[in-house]
Each structure stands twice: as C-alpha cells, then as structure tokens.
Amino acid sequence: MGNSAIAVDATALKAEFPLLATPRADGRALHYLDSAATSQKPRVVLDAMNAYYRETNANVHRGVYEMAAEATDRFEAGRTAAARLVNHPREGLVLTKNATEAINLVAWAWGTRTLGEGDEILITGMEHHSNTVPWQIVATITGAKVVFAPITPDGELDMDAMRGLINGRTRMVGVVHSSNVLGTINPVEEIVAMAHEAGALTMVDATQTVPHMPVDAAAIDSDFLVFTGHKMCGPTGIGCMAGRPEVLEAMEPFLGGGEMINDVTTEGSTWAEIPLKFEAGTPPIAEAVGLAAAVEYLEEIGLDRIRAHERELCVQMLAALDEVPGLTVLGPRDPDRRGAAFSWVMDDLHPHDIAQFLDSKNICVRAGHHCAKPLMRALGMQATTRASGYLYTTEDDVLALRDALIECRSWFGVG
Amino acid sequence: MGGLDDLYQQLILDHYRNRRGRGRIENASASVHEHNPVCGDECYLDILVVDDRLVEVRSDGDGCSISQAAASMLTDVAEGKQLDEALETVEHFRLMMHGDVEPDENVLGDAIALEGVAKYPVRVKCALLSWLALREAIAGYRETTAHGG
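Quick note, the sequences are listed as chains A and B, same order. Under my numbering, the first residue of the first sequence carries the number 42, and numbering increases by one thereafter. Under my numbering, the first residue of the second sequence carries the number 2, and numbering increases by one thereafter.
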C-alpha cells in the first residue's frame, strides 16, 4: 500500500508542531515516540480551535442568529471532513467523545437490545480494552458470550481459527485494524466478508490506521468503523463512528437528551434523523473544528505519503532495535504487514525501568500493558515497552532510542 | 542525569540485583496477592506470626527495580518486628512516599533510599505495592485470629 508514494520530510514537518519544535527546559531535543497513545498537534489545528472560540463560539443546531449558524457550519464541517477522509456517507458519521465511546454506543444501543442467550460476540485476542470490555458488559447483561480468536506466536491473527469460530450464533465480529501493541495490520476486508456471510455485524477499530494510511470504509464495508481525533493530529474529546446508514436507522438511541430528538411529549419522545439521533447534548464543537483542520492537514500531506514514510520508519526502527543486545521486538517484521508501533522486551529489564531511563534522555515511550491485557497474557508477558512513530518521527529519533537502550543496559548492570 | 541518580540510588540497584527475603512461606499465617493495575506487576507476600511478632516475611513476584527493591527492603526491615511496630513502619514509609514526613532511617532501614521515588507519582505505586501488602496481611491475620481461625 502506497509503496510508490514519496515519503514525507519528517524533519520539516516537525517544525509545524509547536510542542516538537520547542526545545525542552534542559535545552535538549525531545524524542516523542508515543504517538500510538496520542499524536502531537500541528499549529493549524491549534489555530483553528482558537479561532473558533475567538470568532464564532455559539451552541450548534439551535440559534437563529448568524454566529450560531456559523458555529453549526464549522461543527458540521468536522463531520464532513472525517467522513470524506474514510470515504463514508456523512449521515453515517456519528461524532462521539472518543473511539471507546463509539464502541460503547454500538454495544449499548445495538448489543443490549439485540443480543440474547446463546448469541456470540467474536473478537480477537489483540483487541484494545475498548473493543473488549464493552462487549463483556453487554454479554453479562444479555447472556451472550464473548469469544476470543487466538493469535499466532509471531503476533498475527490466526485466520484459520477465526474462520472456524464464526458460525450461526455469531452476531457481532469485532476486530482491530492494527494492533496498538504489536503493530500487526489485520485483513479486515476478509474478516468483514466472512462475518457478513454468516449473518453477523462487524465492528472495525481503525484507531491505529486512520491516522497513518489511506483507509477506505466503503471498501472495508464494515457495519461500524471507529477512530479517534487525538491520534490523528486532532484534539482530544472527539471520536468518530462510521456506521452503515441503514443499520443506524434501525437502531434505537444510546444517550438521551437535547439535540437527539424529533419531538418530546409527556407521553414519550421520537428521535431525530441519523446521525443526530446518536448525539445527545451539546457536542464537542471546538473539537470538531480541530478535527476538520487535522483532516485537511493530513489530506494536504497525503495519507499515502504518510504511510510510505512510516514504512521506511519500520525498516529503520527494526534495524535499530536489532542492534540492541538482548532485545526482542514483538509482532510482524514485514513493513507491509505492520504499522509504526513497536513493542519489545529486553532481558531482565522491566519496562518501567526502561521507560524511566529513556525519559532521562527526553525520549517518551509507553511502558505497561497498553490496555491489552488479554494479549499480554496470551504472550506470557505482564508488560512491554513501546515506541510508536508518526509523520513527524525522524531517523534521528530512532537512533536516539537505539543509543539510549544500549546505554540503559549498562546503567542497570545487565549489559 | 541527576534526577535519575536520585531515583535509582545505588542501594536500590543493589537490592534489585540481590533481592532479600524472596520466596513463599509454607504454612504462612497470612498471604496476600496484590497487583499493580498500571503495569500488571504482581506481588505475593507471606507472613509467619508467632506471639504477635513477624518471625518471617517473604515476598515473591516480578516487577520493576523499584518494586523489587522495595519488597527486598521490606522483608529486611519488617522481620522480627511486633505487628503494631511493623504497621507503624509501613505507615511511615507510606507517608514518605507521599512526601508527608521527614523520613527516619532508624525506622525505615535501607528503605530510606526510596525517598526519591516520591517525586515520580507513577512509580509510588511500585514502591508501595509490597508494603501495603504487608499491612493487608497483618489485617488478614488479625481478622482470622479474632474469629478463632
């Protein structure tokens, strides 16, 4: 995917992110390698949100005055941009607080009203807790069962096992597009087709792919596909659920309140059209404005070029980590089969100690279970250390990580 | 790298590399299993109580250098103490981790080297894991004996 695209100039892009362009208090460079947790924000996003509050702050879908109409336009432009980015009809693009809320929306609005005893929800062993726990809650309420598809020892989904686990009882198949721990990119189109053949609905967690590569929701054809603003250069507090319009229309609401109604009487209420039916209360307006700016920023650079850059980054990172004695990288080694999140274990060194040492070198990584405890258990690990890159990650960042990891070994007396 | 040296004092690395009091106690008076939800680290703590005194304290499990060193120091300092005295020591350690007390080496022994951890909120939980497990083990022991068990 995108192999022929010319990679971005990450060093030049870094200058467009105020946080990355500003030296730290100690005067040394920052090596931010935690973009799988959250991305940094380019100036255009910060400016757009600031301008919204300074120029047209008003509540949306209500006021008749001109400024309120302008606020509504800017808010709805966020929806339009997000829908355009993933090639999805805008009426099927529901704005939520984050990807977790988007999955919970489906779990509660669809799952609790539809599932029952004997029904199965099939998810994979490499899901984030956000695509695991909501289904466990729904299973407890409805009597349905959560089934986990296993992963292979080299960190890929066991497709044969997955195929065998889809059956007539399967009502929902949930799969992460790219693992936030292993980097593995899963064949979601194939899985969605398998699920549909068995009559099940599908939930694709595209949180770790939409920011990093072209994602075509129409081609994936999932009933639900979720992603989040803050991992794609946008603000926190806004997530997206791209739902198939006819499925959304048949669903009852999740949260009730203002904005999501058609009429309210003392006898009962009727619902607004989709997507507003699923957006109770004042939405994240400034965040939608920031999301639109983020989408435009990514589109201008080109998602295929970002993917090409991260493919190069994969090659650099795997080579650099291979140079560190005693270090084992998890997940696929083929850059075409993985994203830019790299987890590793290193001899007897605990991830907390590694991350603390790296922090002393201004290198930001994540240490822990990465909200994927079932995966950690399957791998026989309690925690890993993870470095994750993005469009602004340079080879200099990668080499700084390599050097610090080598130094870390001797500092703790293991190398 | 002053900050890092403050956190990882030599004494901590020494306890980490040569951990004291590691293991389990058969026929323990009380056992506690704790885990750190942040990193998934696990800690087993067993105590053997005779005449209201901790005659043996053992800790097992895997974790980072801070949690392992803290457990090692705990077994060193707690063994031989009366239960009330051990609880006072745990409380003194807990207050030190929250920066709420002038740490007393006579009370804490080697564990005073963990004072620097208080500046790293995420790591405080690592240091406290085994120490709070001891508090829970003593409470568990007392509850069992109070009920004639």
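The beta-carbon is built from N, C-alpha and C at its ideal position, and this holds for glycine as well.
Classification of residue i by the beta-carbon crowding that lies within 10 angstroms, buried from 16 upward
i      : result
A:R427 : buried
B:A79  : buried
A:P316 : buried
A:Y431 : buried
B:K120 : exposed
A:D264 : buried
B:E89  : exposed
A:H253 : buried
Terminal residues of the beta strand (DSSP E) in which residue i lies
i      : result
A:I164 : E161 to T165
A:L242 : L242 to D246
B:H16  : B:H16 -> not in any beta strand (DSSP E); alpha helix (DSSP H) instead, spanning Q11 to R18.
A:N26  : With chain A covering 42 to 456 only, the question about residue 26 of chain A has no answer from this structure.
B:H34  : A31 to H36
A:S310 : G309 to W312
Minimum Cβ-Cβ distance from residue i to chain B less than 8 Å
i      : result
A:S384 : no
A:D394 : yes
A:K82  : no
A:H170 : no
A:M387 : no
A:I447 : no
A:G454 : yes
A:A441 : no
A:S451 : no
A:M417 : yes
A:A413 : no
Alpha helix (DSSP H) segment containing residue i, residue limits
i      : result
A:V336 : I326 to I342
A:S171 : Segment: none, A:S171 is in no alpha helix (DSSP H) and carries neither H nor E.
A:G205 : M200 to L206
A:V233 : V229 to E238
B:T146 : P122 to A147
B:S73  : S66 to A79
A:E436 : E436 to W452
CA-to-CA distance, residue j to residue i, given in whole angstroms
i      : j      : result
B:N28  : B:W132 : 21 Å
B:S153 : B:R21  : A query on residue 153 of chain B cannot be resolved here, the shown segment of chain B reaching from 2 to 150 and no further.
A:V86  : A:D201 : 43 Å
A:V356 : A:V188 : 35 Å
A:W452 : A:Q249 : 34 Å
B:C127 : B:S68  : 5 Å
A:E197 : A:N227 : 8 Å
A:A413 : A:S220 : 9 Å
A:T137 : A:I279 : 6 Å
A:P392 : B:C40  : 9 Å
A:V336 : B:V33  : 51 Å
A:D444 : A:D50  : 23 Å
A:Y73  : A:G224 : 18 Å
A:T153 : B:I26  : 47 Å
A:A48  : A:C281 : 27 Å
A:D88  : A:P59  : 11 Å
B:G62  : A:D377 : 38 Å
B:A114 : B:D101 : 16 Å
Residue-chain proximity (residue i, chain A), Cβ-Cβ < 8 Å
i      : result
B:V39  : yes
B:S60  : no
B:C65  : yes
B:R124 : yes
B:G117 : no
B:R44  : At residue 44 of chain B the sequence reads Cys, which differs from the Arg that was named. No, B:C44 lies away from the interface with chain A (no Cβ there is under 8 Å from its Cβ).
B:L5   : yes
B:R18  : yes
B:L130 : no
B:L8   : yes
B:L133 : no
Output, in sequence order along the chain, the residues in the stretch 73-95 of chain B whose CB is closer than 8 Å to any CB in chain D.
No chain D appears in this structure, whose protein chains are A and B.
Within the stretch 93-123 of chain A, note down every full beta strand (DSSP E) run reaching 3 residues or more, in order along the chain.
The qualifying runs do not exist here; there are none.
May I have a chain-ordered list of the beta strand (DSSP E) segments no shorter than 3 residues that lie completely inside the stretch 367-404 of chain A?
Counting whole runs of 3 or more residues, the stretch 367-404 of chain A contains the beta strand (DSSP E) stretches 368-370 and 382-387.
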